[in-house]
Every structure is written in structure tokens, then in C-alpha cells.
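Residue numbers for the sequence shown follow the numbering used here, so the first one is 745 and each next one is one higher. Single-structure report; data block below.
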Amino acid sequence: MKKLGLLLMTLLFFVGNLSTLRAATNYPVQLTAQVLPPYGTCLSDYVVDGMERINITALQRDLTKGIYQVEVRMQVKQATKLLLTASAKYNLQAGIITKLPASNLFSAL
Numbered sequence: 745m746k747k748l749g750l751l752l753m754t755l756l757f758f759v760g761n762l763s764t765l766r767a768a769t770n771y772p773v774q775l776t777a778q779v780l781p782p783y784g785t786c787l788s789d790y791v792v793d794g795m796e797r798i799n800i801t802a803l804q805r806d807l808t809k810g811i812y813q814v815e816v817r818m819q820v821k822q823a824t825k826l827l828l829t830a831s832a833k834y835n836l837q838a839g840i841i842t843k844l845p846a847s848n849l850f851s852a853l
């Protein structure tokens, strides 16, 4: 009886983990954004010549492609109202962590 209970628990454990593994998604590009203090009230406070306070790093994890073109889009929202949208295109090389200049996002504004 103990063996049957152990077998049933093991089976339930593996079936439960299979559903979470199937739901997992692997994205080829990983982005990390960091805003450095002090925090300003204007967007112009964050991008000043020579001192960017928004750091964006990207890693292209798909090693089968040499160069991957991505578009980074930033949106500024207040509750459900969209105040501002900015985007810029970058080329990423496989397996290399790249610091993306945030000034490209704000150049179109």
C-alpha cells in the first residue's frame, strides 16, 4: 500500500511539473532596464548629453543567428492613459551583452 501511495505521489509530481514546463516560454532576447536616481519629473532629466540615467542592456540568446534586429519600445502611462511612446531599432550579436543607448529612444521626440 505504501508503494502504491509513493508511486501515485511521484506520478502526480511529474504530471504537475510537465504542465509548468510546457507553459514556459524561451525568448531569444533578454532586456534589462534600470533607472538611476535621483528621479526627475521630466523626461529630459533622464537623458542628458554624456550622462544617461536610463540603462538598457540586452542579451541575444539565440546562438543560431549571428545578428538579431530588435525594436525597443518605451511607453509612459498614467493609470490607463498612454502619455508617450518612443521606439528605436538595434542590432544585437549572439551571446554578447550589449548596452543600448537610451538617447536613441528620445531622439525622435
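Beta carbons: idealized from backbone N, C-alpha and C, even for Gly.
Item: According to DSSP, is Ser851 part of a helix, a strand, or is it coil?; Value: coil
Item: Using CA coordinates, which residue listed in Thr824, Gln804, Leu828 and Tyr783 is at the minimum distance from Thr776?; Value: Gln804
Item: Is Arg797 near the ligand ATP, judged by its Cβ being under 6 Å from some heavy atom?; Value: By its list of ligands, the structure shown contains no ligand whatsoever, and the ligand ATP lies outside what it can speak to.
Item: Whose CA, out of Asp806, Val773 and Tyr783, lies closest to the CA of Glu796?; Value: Tyr783
Item: Within the same chain, show all residues whose beta-carbon is closer than 8 Å to that of Gly810, passing over the 5 residues directly before and after it, in chain order.; Value: Gln837 and Ala838
Item: Below 8 Å on the Cβ atoms is my guess for Leu844 versus Val816; work out the distance and round it to an integer in Å.; Value: 6 Å
Item: For Ile840, does the count of other Cβ atoms within 10 angstroms reach 16, so buried, or fall short, so exposed?; Value: exposed
Item: Once DSSP output is grouped into helix, strand and coil, what is the label at Leu836?; Value: strand
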